[in-house]
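Here is the structure we will look at, set down as structure tokens.
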Amino acid sequence: MKEIEQALLDGSIDFAAHSAKDLPALLADGLSIAAYPEREDPRDAMVARDGLTWSGLKAGMKVATSSLRRQLMIEKAVPGIQLLPLRGNVDTRLRKLTEGEFDAMIIAVAGLKRLGRDNVRHEPLDPVVMLPAPAQGSLALEIKESRKDIQEIVGRLDHPATRLCVEFERGFLAQIGGGCGAPVAAFAQVKGAGVEMECFFAVEGSKGKRVKGVCPDPGQREAFVRDLAQQVRK
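Residue -3 is where the sequence shown starts when you use this note's numbering, and the numbers rise one by one after that.
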């Protein structure tokens, strides 16, 4: 990431495309997001063997994921489930599933689509049971802030509703102070003129807490996400 940021700052490249959920909560000085293209499906999905579904998961079954956020939510939904680490690229993970190393694995729907593997049978999970990571499913096109010429071109790809929701989610992430590996979730949706957002955070050693709120005026985003961050830490 730092090499890409430096290349933007010294003009070696004009813009960089990132998975928005992998960006640090705060961008490096002198950089900005020129566009958030329209968001892909933000949900997580379960890929399983032998037609197994989420509702069919039982204690003792093996589910693979290395995300602490996902682990905590699975444990809450299915007490007694066995959680295993998930390593390697998507093809490696699918091979391990087929070979029976685990009964199911959790992966982002957008990840399957971007790798051309959305033909693999998968079950998208309702955010009620598996709240997505902040900005999951979104791309971020990053530029040097002073490059107005590049902003003019790349900015045409910006999707206003996606930007609105992602900025709320990333705002919550910044308030929590977590990175892409922290047990943090945030999912925002446009509701009329406002934004509804549900968030999750787990302090070390806890099972985590979920909170939800509606911000009727998006201009009050900073105060809104600060309040949610305070609630979820209590």
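Think of the CB as a built atom: it goes at the ideal place given N, C-alpha and C, for glycine as much as any other residue.
Model, not experiment: these values are computed from the prediction.
Within 7 Å, strictly: CB atoms of residue i and residue j
i      : j      : result
Gly173 : Arg35  : no
Gln185 : Val221 : no
Cys211 : Val180 : no
Ala16  : Ala136 : yes
Gly167 : Arg110 : no
Chain-order list of residues whose beta-carbon lies under 6 Å from that of residue i (same chain, five-residue window excluded)
i      : result
Ala55  : Gly76
Pro123 : Phe183
Leu153 : Ala31 and Pro33
Gln78  : Lys58
Phe196 : Leu127, Ala181, Gly204 and Arg206
Asp10  : Ile146
Own chain residues within Cβ distance below 7 Å of residue i, not counting five before or after
i      : result
Ala12  : Ile0, Leu4 and Glu138
Asp99  : Ala44, Arg45, Leu48, Met57, Lys58 and Val59
Leu68  : Pro179, Ala198, Lys203 and Gly204
Asp213 : Gly190
Straight-line Cα distance separating residue j from residue i
i      : j       : result
Thr94  : Arg45   : 7 Å
Val207 : Gly188  : 20 Å
Ala225 : Gly209  : 11 Å
Phe164 : Ser8    : 31 Å
Leu64  : Ile146  : 37 Å
Arg113 : Leu169  : 29 Å
Gly201 : Met193  : 25 Å
Glu71  : Trp50   : 13 Å
Pro38  : Pro130  : 9 Å
Ala73  : Lys92   : 24 Å
Val228 : Gly215  : 22 Å
Leu53  : Val150  : 44 Å
Ala219 : Glu97   : 46 Å
Asn115 : Arg89   : 15 Å
Leu80  : Lys(-2) : 31 Å
His155 : Ser62   : 31 Å
Proximal residues to residue i (C-beta, below 8 Å), its chain only, five neighbours per side dropped
i      : result
Ala41  : Ile102, Ile103, Ala104, Val105, Leu108, His118, Glu119, Pro120 and Leu121
Lys230 : Lys205
Short CB-CB distance (under 7 Å) between residue i and chain B
i      : result
Lys140 : Looking for chain B here will not work: only one protein chain is present.
Original post:
On the three-pair Cβ rule with 8 Å, is the segment 138 to 145 touching the segment 18 to 38?
Top reply: yes
Subject >> At least three beta-carbon pairs within less than 8 Å, the segment 150 to 165 to the segment 72 to 92 >> reply: no
Subject >> Three CB pairs or more closer than 8 Å across the segment 3 to 11 and the segment 92 to 110 >> reply: no
Original post:
Taking only runs of the alpha helix (DSSP H) that begin and end inside the segment 69 to 95, which ones reach a length of at least 4 residues, in chain order?
Top reply: 86 to 94
**OP:** Taking only runs that begin and end inside the segment 148 to 207, name each unbroken beta strand (DSSP E) of 3 or more residues, in chain order.
**Re:** 180 to 187 and 190 to 197
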